[in-house]
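Trainee:
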Amino acid sequence: MASVTKTRQLLLGNEAIAWGAVDAGVRVVTGYPGTPSTEALEYLAKIAPEVVEVQWATNEKVAIDEALGAALAGARSLVTMKHVGLNVAMDGWMTSPLVGVNAGLVVLVADDPGMHSSQNEQDSRYLGRFAGVPIFEPSDSQECYLFVRSAFEASEEWDSPVMIRTTTRISHSSSAVTLGPAESPPVKGFQRNPGKYVMLPINARAGRLRHLDRLPTMARWVESHPFNREEMRSTHLGVIASGTAYQYVRDVIPEASVLKLGITNPLPENMIRNFAGKVDRLLVVEELEPYLEESVKSLGITVEGKAFFPRAGELSSESVRKGLQKAGALPDSPQEVEDSWPATVPRPPLLCPGCPHVTPFLVLREIGAYVNGDIGCYTLGASEPLLAMDTCLAMGSSIGMAVGMAKAGVRDKPIVATIGDSTFLHGGIPGLIDAIWNNADITVIILDNGTTAMTGGQPHPGTAHNVRAAQVPRIDIVELCRAVGVEPVVVDPYDVGATHRTILAATRQRGVSVVITNRPCVQAPEKLLGRTYQVESQRCDGCQLCMNIGCPALGWDLASDDLRRAWIDPDQCTGCTVCAQLCPQSAIVPISQS
Amino acid sequence: MKDPTQIRANVVIAGVGGQGVILAGNIISDVCIAYGLDVKKAEVHGMSQRGGSVSAQIRFGPEVHGALVEKGRLDWAVGFEWAEALRWMPLLTPKGTVFVSTQEMIPPIALKDRVSGTVDYPLEFLRHPRVRAIDAPLVAKEAGNVKTAGVVLLGALSTELPFSREAWAQAITHRVPAKAVDVNLRAFDLGRRWKERVTPHLAQMPQPLVRQVELHLEESWCKGCGICVNVCPERIWMLNEKDVVETVAPERCTGCGLCEKLCPDLAIDVITHLNSSAMVHEGRNVLWQPN
Chain A
1 MASVTKTRQL LLGNEAIAWG AVDAGVRVVT GYPGTPSTEA LEYLAKIAPE VVEVQWATNE
61 KVAIDEALGA ALAGARSLVT MKHVGLNVAM DGWMTSPLVG VNAGLVVLVA DDPGMHSSQN
121 EQDSRYLGRF AGVPIFEPSD SQECYLFVRS AFEASEEWDS PVMIRTTTRI SHSSSAVTLG
181 PAESPPVKGF QRNPGKYVML PINARAGRLR HLDRLPTMAR WVESHPFNRE EMRSTHLGVI
241 ASGTAYQYVR DVIPEASVLK LGITNPLPEN MIRNFAGKVD RLLVVEELEP YLEESVKSLG
301 ITVEGKAFFP RAGELSSESV RKGLQKAGAL PDSPQEVEDS WPATVPRPPL LCPGCPHVTP
361 FLVLREIGAY VNGDIGCYTL GASEPLLAMD TCLAMGSSIG MAVGMAKAGV RDKPIVATIG
421 DSTFLHGGIP GLIDAIWNNA DITVIILDNG TTAMTGGQPH PGTAHNVRAA QVPRIDIVEL
481 CRAVGVEPVV VDPYDVGATH RTILAATRQR GVSVVITNRP CVQAPEKLLG RTYQVESQRC
541 DGCQLCMNIG CPALGWDLAS DDLRRAWIDP DQCTGCTVCA QLCPQSAIVP ISQS
Chain B
1 MKDPTQIRAN VVIAGVGGQG VILAGNIISD VCIAYGLDVK KAEVHGMSQR GGSVSAQIRF
61 GPEVHGALVE KGRLDWAVGF EWAEALRWMP LLTPKGTVFV STQEMIPPIA LKDRVSGTVD
121 YPLEFLRHPR VRAIDAPLVA KEAGNVKTAG VVLLGALSTE LPFSREAWAQ AITHRVPAKA
181 VDVNLRAFDL GRRWKERVTP HLAQMPQPLV RQVELHLEES WCKGCGICVN VCPERIWMLN
241 EKDVVETVAP ERCTGCGLCE KLCPDLAIDV ITHLNSSAMV HEGRNVLWQP N
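Chains A and B supply the protein sequences, listed in that same order.
No gaps in the numbering here: position 381 of the first sequence is 381 in my numbering, and each next residue is one more.
No gaps in the numbering here: position 271 of the second sequence is 271 in my numbering, and each next residue is one more.
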């Protein structure tokens, strides 16, 4: 347990959320890793006292079910997920406000405007309003801390889950935070109440009415809530903003009056009407969808927003300034900048040196298979130089999409699904069962690197430890495949020949075949290093076959003065030997041998 | 120098995943907090950390709102990898200063233009009057660990900010592992003497020779066995409807000659020129290679 400092300290938004939950006396914390939400649970596992149960769940649906179960049992609970995770959890999410909570239930949903690390940029506020739960939108780390604490109270007050909605720029920005005194409400225990907790239609109808009944009182509560704040300055322009958009507005047009909304469901309609009446012109500045703008318009108030500010991507001070200039609220001010800088090299993300995902994709490109990818590091198999992925949709979708392709009658090339171990356990298992049941001619390659690599190496049910590094039972993926009726072939992806033979043989089988690659991630849980390799430069003829791996450790030997020769950075080489196996000249050898 | 409790500035640290960019951003932020300043730091996590660009934007002052630096308002950029700093130059104020490490981490994608072989690293950037290029890994080695190169650059940056050496030392001590405190403080202090270590003239980068390749195919000799299609590392061959090979992307040919060597019908010639004049190797008719 880290030392508790109650002084002003620098905290990431996600870290402040973790502190807010710990200081609110949270007892059960669960979630599924996903950028930009991951650090909240990870950091909480470090700072929370032992009495707090912190665990990664197999997926977001399971996580929200667990948290609701804990809340009904009287323990304050927190769930963390990224925006697309809420889609997975929707089933439980939509019914949870009808069931209600016994102790506070707070759901962190981190949106990713600009898709820094996501497959879409949906605005989760609609899903909060859809479920009819309060939405809190903090705009810096201090608010993250305060809002989470307050969200637990609101959850208990309204007998409803509460959504904390952040964006990448809130979750992944740091600012100074002063923590408050911690509280530890007792765990109330479970009291049977089947009429409220068992969602039989007859009970659900009552639950629905209870839910609708509290909405008007909730709407009154929000009118006087301190998280919604009117900041009156010049009355020429009034801006309604929440989250990070508020900060940009304050930077760019400090003289404007602002209605800062910390709670964006329900909306304080009277406050909005009052504010609109005090200013000559009203604008909404918000990231992603015109969520607030539509709501304000529905009150019959004249307001503008998305006509000036982009709907796609992340906002910035720059885009807010441009929008305000477009709206005529700010004068055009040509900034003095030098534009004569040379262009720099692109640097897209890459698979690491020694990444065990490389060989399967080399083989798949060689075979020419139609490859349905999935969500994880290995989605990079789609980019240069591997170029071996044809589709990628959502967590666990690879297998279902492959089944669909097979059922559509594609026969000219093998149909393959590639899926990581964590993604397989998260959402791939039902797809595999379906493929077997419906007898689809597909090959499923489970890229088992023993961790949730993309988000930084979180444990999952296939690892033998949990988030607190305690030993736990391990789900054996090989046995799991056998149990659903397919005998998987396990292959070492560092053996290029064997991987090629295995995958080729699997794609020639009828029905479902499963190949499991079994090398651990080179980064997590620990950095793996083997004997490093080098290029014997007189033997290299510069054919660049090795560079088809896209290994960051491979480059050009800038010291060679005639033909270009490949070169291996000894500080980056992990000794996976894949390039050495590919080299037609056998020019890549272990360092000590030459 | 300005009053450290009233200074208002924007700094960007740019580098590649694993270089300690986030750590450096935390150190600067801690120093600001120690002076009672408001600070906002934006950083990049997730997919970009897989060998991609990593950056931390730090904004500080008596009151700071947004975490992102606006165009034309960046006061200092620090590049742990110099070409990464270049990415932020459009944001720099006309008075802004740039500290960069002369270290280069050439991304594999920059090697993609394999035929010309020129890695297009814009070296002229390092000669720009507002760019201070420091051989940070060398200084870091002198401090005792090459991994402290980032802290060397922080030391250089610290000479332009009004915060005391002690405040920096305290932040570093708080942020790095206990056993690495001494080496980091040495690196920081060496960095503060950056004026002695600015690289005066860049060593001339060896310019790789331009290799040009001509491909010749004797179509009437090809029987469509497909060996070249399978062996080509660049996948430039494919069989057409007449079962004869043709090139689909001749510009990707690197001149390795694998197809020529393995073609059972001697149908392929690969002719390679260096600098478009010096001929090193000419197809199957050449029995020896000039030195």
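From the three backbone atoms N, C-alpha and C, an ideal C-beta is built for every residue, glycine too.
The structure presented is a predicted model; accordingly, all values stated were derived computationally and were not measured.
(1) Evaluate B/Ile58 with the Cβ neighbour count: other Cβ atoms within 10 Å of its Cβ, from every protein chain shown; 16 or more gives buried, anything less gives exposed.
(2) Is A/Asn439 closer than 7 Å to A/Gly530 when the C-beta atoms are compared?
(3) Just checking my contact of A/Phe136 with A/Gly262 at CB under 8 Å: how many whole Å lie between their CB atoms?
(4) Any Cβ of chain A within less than 7 Å of the Cβ of B/Ala169?
(5) For B/Glu84, which residues in the same chain have their Cβ closer than 7 Å to its Cβ, ignoring the five residues on either side in sequence?
(6) Is there a C-beta anywhere in chain A that falls below 7 Å from the one on B/Phe163?
(7) Which whole-angstrom value describes the C-beta separation of A/Arg233 and A/Ala206, a residue pair presumed to lie in contact below a C-beta threshold of 8 Å?
(8) Starting from A/Asn548, find everything on chain B with Cβ-Cβ shorter than 7 Å and list it in chain order.
(9) Look up A/Tyr533 in the DSSP assignment and say whether it is helix, strand or coil.
(10) Which residues of the region 176-189 of chain A have a Cβ closer than 8 Å to any Cβ of chain B? Give them in chain order.
(11) Look at B/Ala136 and B/Leu123 and say whether their C-beta atoms are less than 7 Å apart.
(12) Quick one: grab the DSSP three-state call for B/His128.
(13) Would you list the residues sitting across from A/Phe147 in a DSSP beta bridge?
(14) Taking B/Thr97 as the query, report the chain A residues whose CB atoms sit under 8 Å from its CB, ordered along the chain.
(15) Terminal residues of the continuous beta strand (DSSP E) containing B/Gly15?
(16) Counting pairs of Cβ atoms below 8 Å between the region 350-362 of chain A and the region 510-526 of chain A, do you hit three or more?
(17) Less than 7 Å separating the beta-carbons of B/Gly150 and B/Gly20?
(18) Near A/Gly189, what residues of its chain come up, given a Cβ to Cβ distance below 7 Å and the 5 sequence neighbours on each side ignored?
(19) Span of the alpha helix (DSSP H) holding A/Gln247?
(20) Check whether chain A comes within 7 Å of B/Ala67, counting only Cβ atoms and requiring the distance to be less than that.
(21) Rounded to whole angstroms, how far is the Cβ of A/Pro459 from the Cβ of A/Trp56, which I believe are closer than 8 Å?
(22) Might you give, ordered along the chain, the residues of its own chain that have their beta carbon closer than 7 Å to the beta carbon of B/Asn240, omitting 5 neighbours on each side?
(23) I want to see whether chain A comes within less than 7 Å of B/Arg186, judged by CB atoms only; does it?
(24) With burial defined as no fewer than 16 other Cβ atoms inside 10 Å of the residue's Cβ, what is the status of A/Gln544: buried or exposed?
(25) If you measure from the beta carbon of B/Gly18 to each beta carbon in chain A, is any gap under 7 Å?
(26) Note down the Cα distance separating A/Met94 from A/Arg169, rounded to an integer number of angstroms.
(27) I'd like to know if A/Tyr248 contacts chain B, where contact means its C-beta is closer than 7 Å to some C-beta of that chain.
(28) Compile a chain-ordered list of the residues in the region 342-362 of chain A whose CB is closer than 8 Å to at least one CB of chain B.
(29) Does the distance from the C-beta atom of A/Ser333 to that of A/Val252 stay below 7 Å?
(30) What separation, rounded to the nearest whole angstrom, lies between the Cα atoms of A/Ser150 and A/Val303?
(31) Are the Cβ atoms of A/Gly128 and A/Met81 separated by less than 7 Å?
(32) Residues of chain B with CB closer than 7 Å to the CB of A/Glu318, please, in chain order.
(33) If you draw a straight line from the alpha carbon of A/Asp421 to that of A/Gly450, how long is it in whole angstroms?
(34) Would A/His172 count as contacting chain B if we go by Cβ distances under 7 Å?
(35) Which residues in chain B have a C-beta closer than 9 Å to the C-beta of A/Gly114? List them in chain order.
(36) Which residues of chain A have a Cβ atom closer than 7 Å to the Cβ of B/Ala83, listed in chain order?
Mentor: Based on what the coordinates show:
(1) As a first step, residue 58 of chain B is located in the second sequence; it is residue number 58 there, counting from the start. B/Ile58 is buried by the Cβ-count criterion.
(2) The residue you call residue 530 of chain A lines up with position 530 of the first sequence. The residue you call residue 439 of chain A lines up with position 439 of the first sequence. Not in contact: A/Gly530 and A/Asn439 (Cβ atoms no closer than 7 Å).
(3) Along the first sequence, read from residue 1 onward, the residue named residue 136 of chain A stands at position 136. Along the first sequence, read from residue 1 onward, the residue named residue 262 of chain A stands at position 262. Indeed they touch by this definition, with Cβ atoms about 6 Å apart.
(4) The residue you call residue 169 of chain B lines up with position 169 of the second sequence. Taking CB atoms only, B/Ala169 has no neighbour in chain A less than 7 Å away.
(5) Looking up residue 84 of chain B in the second sequence gives position 84. The beta carbon of B/Glu84 is closer than 7 Å to those of Ala14, Gly15, Val16, Ser53 in its chain, skipping five residues each way along the sequence.
(6) The sequence position of residue 163 of chain B within the second sequence is 163, counting from 1. Closer than 7 Å: no.
(7) The residue given as residue 233 of chain A occupies position 233 in the first sequence. The residue given as residue 206 of chain A occupies position 206 in the first sequence. Actually they are not in contact, since the Cβ atoms of A/Arg233 and A/Ala206 sit about 48 Å apart, beyond 8 Å.
(8) In the first sequence, the residue the question calls residue 548 of chain A occupies position 548. Within 7 Å Cβ-Cβ: Pro233.
(9) Mapped onto the first sequence, residue 533 of chain A falls at position 533. Residue state, collapsed to three classes: strand.
(10) Ala176
(11) Indexing the second sequence from 1 puts residue 136 of chain B at position 136. Indexing the second sequence from 1 puts residue 123 of chain B at position 123. Against a cut-off of 7 Å, the Cβ pair of B/Leu123 and B/Ala136 comes out as no contact.
(12) As a first step, residue 128 of chain B is located in the second sequence; it is residue number 128 there, counting from the start. The answer is coil: DSSP assigns B/His128 none of H, G, I, E or B.
(13) Counted from its first residue, the first sequence places residue 147 of chain A at position 147. By DSSP's assignment, A/Phe147 forms no beta bridge with any residue.
(14) To locate residue 97 of chain B, count along the second sequence from 1; it is residue 97. Going along chain A, no residue has its Cβ under 8 Å from B/Thr97, so there is no contact; the nearest lies around 13 Å.
(15) Position 15 of the second sequence, counted from the first residue, corresponds to residue 15 of chain B. Element bounds for B/Gly15: 9-16.
(16) yes
(17) If you number the second sequence from 1, residue 150 of chain B lands on position 150. If you number the second sequence from 1, residue 20 of chain B lands on position 20. Yes.
(18) Position 189 of the first sequence holds residue 189 of chain A. Here the set comprises Ala73, Gly74.
(19) Locating residue 247 of chain A in the first sequence gives position 247, where the first residue counts as 1. From DSSP, the alpha helix (DSSP H) with A/Gln247 extends over 243-252.
(20) Sequence index remark: in the second sequence, residue 67 of chain B carries index 67 (1-based). Output row for B/Ala67: interface = yes.
(21) Here the question's residue 459 of chain A lines up with position 459 in the first sequence. Here the question's residue 56 of chain A lines up with position 56 in the first sequence. Between A/Trp56 and A/Pro459 the Cβ distance is about 6 Å, and since that is below 8 Å, they are a contact.
(22) For this step, residue 240 of chain B is matched to residue 240 along the second sequence. These residues qualify, in order along the chain: Glu246.
(23) Here residue 186 of chain B refers to the residue found at position 186 of the second sequence. Any Cβ of chain A closer than 7 Å to the Cβ of B/Arg186 would place that residue at the interface, and such an atom is absent.
(24) Sequence index remark: in the first sequence, residue 544 of chain A carries index 544 (1-based). With 16 or more Cβ atoms within 10 Å of its Cβ, A/Gln544 is classed as buried.
(25) For the purposes of this step, residue 18 of chain B is taken as the residue at position 18 of the second sequence. Not closer than 7 Å to any Cβ of chain A, the Cβ of B/Gly18 fails to qualify, so no.
(26) The residue given as residue 94 of chain A occupies position 94 in the first sequence. The residue given as residue 169 of chain A occupies position 169 in the first sequence. Going from the Cα of A/Met94 to the Cα of A/Arg169 covers about 27 Å.
(27) Your numbering for residue 248 of chain A matches position 248 in the first sequence. It does: the Cβ of A/Tyr248 has a partner Cβ on chain B nearer than 7 Å.
(28) Pro342, Ala343, Thr344, Val345, Pro346, Arg347, Pro348, Pro349, Leu350, Leu351, Cys352
(29) Here the question's residue 333 of chain A lines up with position 333 in the first sequence. Here the question's residue 252 of chain A lines up with position 252 in the first sequence. Against a cut-off of 7 Å, the Cβ pair of A/Val252 and A/Ser333 comes out as no contact.
(30) For the purposes of this step, residue 150 of chain A is taken as the residue at position 150 of the first sequence. For the purposes of this step, residue 303 of chain A is taken as the residue at position 303 of the first sequence. Looking at the two C-alpha atoms, the distance is approximately 30 Å.
(31) Walking along the first sequence from the start, residue 128 of chain A turns up at place 128. Walking along the first sequence from the start, residue 81 of chain A turns up at place 81. Contact: no.
(32) Numbered from its first residue, the first sequence carries residue 318 of chain A at position 318. The contacting residues are Glu70, Lys71.
(33) Residue numbering aside, residue 421 of chain A sits at position 421 when the first sequence is read from its first letter. Residue numbering aside, residue 450 of chain A sits at position 450 when the first sequence is read from its first letter. Approximately 7 Å, taken between the alpha carbons.
(34) As a position in the first sequence, residue 172 of chain A is number 172, starting the count at 1. It does: the Cβ of A/His172 has a partner Cβ on chain B nearer than 7 Å.
(35) For this step, residue 114 of chain A is matched to residue 114 along the first sequence. By Cβ distance, chain B contributes nothing, its closest Cβ being about 11 Å from A/Gly114, past 9 Å.
(36) Numbered from its first residue, the second sequence carries residue 83 of chain B at position 83. Going along chain A in sequence order, the residues near B/Ala83 (Cβ under 7 Å) are Thr344, Val345.
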